[in-house]
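Step one of this worksheet: look at the structure below.
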Amino acid sequence: QVQLMESGGGLVRAGGSRRLSCAVSVSFFRLNTMGWYRQAPGKQREAVAVITDGGSTNYADSVKGRFNISRDSGANTVYLQMNSLKPEDTAVYFCNVRVALGQKDYWGQGTQVTVSP
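So for the sequence shown, the numbering used here puts the first residue at 1; every next one is plus one.
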């Protein structure tokens with residue numbers, strides 16, 4: 001069983017920055033991908049940023065150039081650095097990992113990010 005614990009959400013003004021953290025209960029060697037998703041009220045959950053076991057990254061067009069995903073293998077933690085935040089970035093942000101064996105997905109409980117105008 002894989003457990004994820006997000007932190008770092010909160011209220012921030014437009015133009016500000018915030019860093020989200022996701023502590024993973026297993027070694028990164030067991031994982032294919034690690035990523036951040038978000039869900040705004042009334043909208044579907046969408047992928048924000050994903051990093052593969054090889055280190056490749058992929059970002060949603062809406063966050064390219066503003067957000068950066070990174071990982072610390074020693075700390076089993078994935079980060080999402082969010083800069084130049086906009087009100088439309090307001091959402092619950094979820095951490096996701098996919099375990100290589102069985103290709104099963106695991107999700108964190110989510111952390112709220114609210115960007116005020």
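A virtual CB, placed ideally from N, CA and C, is assigned to each residue, including glycine.
Checklist entry - Does the region 65 to 73 come close enough to the region 6 to 15 that 3 or more CB-CB pairs lie under 8 Å? => result no
Item to check | Burial state of Ala91, where buried means 16 or more other Cβ atoms lie within 10 Å | outcome: In summary, Ala91 is buried, with 16 or more beta-carbon neighbours lying within 10 Å of its beta-carbon over all protein chains present.
Item to check | Arg30 - DSSP class collapsed to helix/strand/coil | outcome: Three-state DSSP puts Arg30 in a helix.
Item to check | Three-state secondary structure assigned by DSSP to Val2 | outcome: coil
Next on the checklist: In the DSSP output, what is Glu46 paired with across the bridge?
Outcome noted: Arg38
Checklist entry - Exposed or buried, what is Leu101 when buried is set at 16 or more other beta-carbons lying within 10 Å of its beta-carbon? => result Exposed, by the Cβ-count rule.
Item to check | Ala40, buried or exposed, once every other Cβ within 10 Å from all chains shown has been counted against 16 | outcome: exposed
Item to check | Ser70, DSSP secondary structure in three states | outcome: strand
Checklist entry - Looking at C-alpha atoms only, which residue of Thr33, Lys43, Val50 and Thr77 is the closest neighbour of Gln103? => result Thr33
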